[in-house]
Amino acid sequence: MSSATTGQLEPPVDQDAGPAHAHPPYMLIWGVLAVLTLAEVGYAFMDLPKVFLATGLIIMAVWKAVLVALYYMHLRFEPKRLWILATSPLPLILILLAAVLQEF
Amino acid sequence: MSATHAAAFTPMTVDPHTERGMGVYNMKLGMWVFLLSEVMFFTSLIGSYIILRFAHPEHFAAPGQVLNVPLTALNTFFLICSSVTMVKAFAAIQNGDQAGLKKWLLATILIGALFVGIQAVEYTILAGERFVPVAESYATMGRHVEEGPVVGGPLYGATFYTMTGFHGAHVTIGVLCLIFVLFRAMRGAYTQGSHGGVEIIGLYWHFVDLVWIILFTIVYLI
Numbered sequence: 000m001s002s003a004t005t006g007q008l009e010p011p012v013d014q015d016a017g018p019a020h021a022h023p024p025y026m027l028i029w030g031v032l033a034v035l036t037l038a039e040v041g042y043a044f045m046d047l048p049k050v051f052l053a054t055g056l057i058i059m060a061v062w063k064a065v066l067v068a069l070y071y072m073h074l075r076f077e078p079k080r081l082w083i084l085a086t087s088p089l090p091l092i093l094i095l096l097a098a099v100l101q102e103f
Numbered sequence: 000m001s002a003t004h005a006a007a008f009t010p011m012t013v014d015p016h017t018e019r020g021m022g023v024y025n026m027k028l029g030m031w032v033f034l035l036s037e038v039m040f041f042t043s044l045i046g047s048y049i050i051l052r053f054a055h056p057e058h059f060a061a062p063g064q065v066l067n068v069p070l071t072a073l074n075t076f077f078l079i080c081s082s083v084t085m086v087k088a089f090a091a092i093q094n095g096d097q098a099g100l101k102k103w104l105l106a107t108i109l110i111g112a113l114f115v116g117i118q119a120v121e122y123t124i125l126a127g128e129r130f131v132p133v134a135e136s137y138a139t140m141g142r143h144v145e146e147g148p149v150v151g152g153p154l155y156g157a158t159f160y161t162m163t164g165f166h167g168a169h170v171t172i173g174v175l176c177l178i179f180v181l182f183r184a185m186r187g188a189y190t191q192g193s194h195g196g197v198e199i200i201g202l203y204w205h206f207v208d209l210v211w212i213i214l215f216t217i218v219y220l221i
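Chains as they are written, first to last, in numbering that gives the first Met the number 0: chain A, 0 to 103; chain B, 0 to 221.
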């Protein structure tokens, strides 16, 4: 019986596996995340209307979250079907964001 | 991101021998499903916070009025650093670098513990300022009592400690799991061709980082 029909807890062992790929530029992404965090803190204390503050901060937070999901969790390189699964809670998040912006 | 990277990245999960259906091995699919349930969990907490905040604005204070934003921003930076050390550990074992795996796992554990430690310090300072969950002492917004000015109401403390506390618990559990993974790594349990455990704990750890990115913005900055 093949592993495809029995199911596997872990990926198959391949003792001859070499470096299978070039990794994403993890340190560059880390730098972007650090800069965005700094920008967020600076932006939060700017004297701007709350709607601009909230919108800008949420955009930066989502940007950071997407970077982590795509490159650190490697979602960008996963099968499309996993993408569908991973993005299934997005409607709830959109409702949440709509509520935030409406209240402001 | 360059197209070269995207094209060159061939994750081990895209393999004809792995479980069909979702195209990933079972343990990884299980972790993703678990993480999606965690998205629902944290979304409900954040949603409750937003509803309560706008329904009872008198209970909440402006960013920086009660919470220590610079300290937490530094803590956020530390958690981001722990994400990069985690992904470095994963990359190391993918390249067959056992020493690198242990080194980066240890770094992730230390930075994760530092995050929890700083959060404990933050809680201690806030409690010292009488900002505690569901306490009557600071329920009188704007009034001055013997110990000093009072800001915020019970809802602020309750929602703040619920959200950050649950996240802190997740980080603590993550650190404990990472210690377990490091212990296994020291016994040579992971190889270049078999390192599902490192990938699974990595997914969890990055998710915890991702949740904090959102929480930090909503709780501390907006």
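For every residue, glycine included, the Cβ atom is placed at its ideal position computed from N, Cα and C.
For residue 27 (chain B), which of helix, strand or coil comes out of DSSP?
helix
Integer-rounded CB distance, given that residue 167 (chain B) should sit under 8 Å from residue 131 (chain B)
In fact, because the Cβ distance is near 15 Å, the residues do not count as touching under 8 Å.
Is the separation between the beta-carbon of residue 89 (chain B) and that of residue 210 (chain B) shorter than 9 Å?
no
Measuring CA to CA, which of B:190, B:218, B:170 is closest to residue 202 (chain B)?
B:170
Go through the stretch 33-112 of chain B residue by residue and report every complete run of the alpha helix (DSSP H) that reaches 4 residues or more, in order.
68-93
Kindly indicate the opening and closing residues of the alpha helix (DSSP H) around residue 132 (chain B).
Here residue 132 (chain B) belongs to no alpha helix (DSSP H), and DSSP marks it neither H nor E.
Does DSSP classify residue 192 (chain B) as helix, strand or coil?
coil
What is the rounded straight-line gap between the Cα of residue 153 (chain B) and the Cα of residue 97 (chain B)?
50 Å
Consider the Cβ of residue 44 (chain A): report whether some Cβ of chain B lies at a distance smaller than 9 Å.
yes
Work out the CA separation of residue 77 (chain B) and residue 110 (chain B) for me, nearest whole Å.
6 Å
Tell me the DSSP secondary structure of residue 94 (chain A) in three-state form.
helix
Rounded to the nearest angstrom, what separates residue 45 (chain B) and residue 160 (chain B) at their Cα positions?
12 Å
Quick one: residues in its chain with C-beta nearer than 8 Å to the C-beta of residue 174 (chain B), no 5 flanking neighbours on either side, listed in chain order?
108, 111, 112, 115
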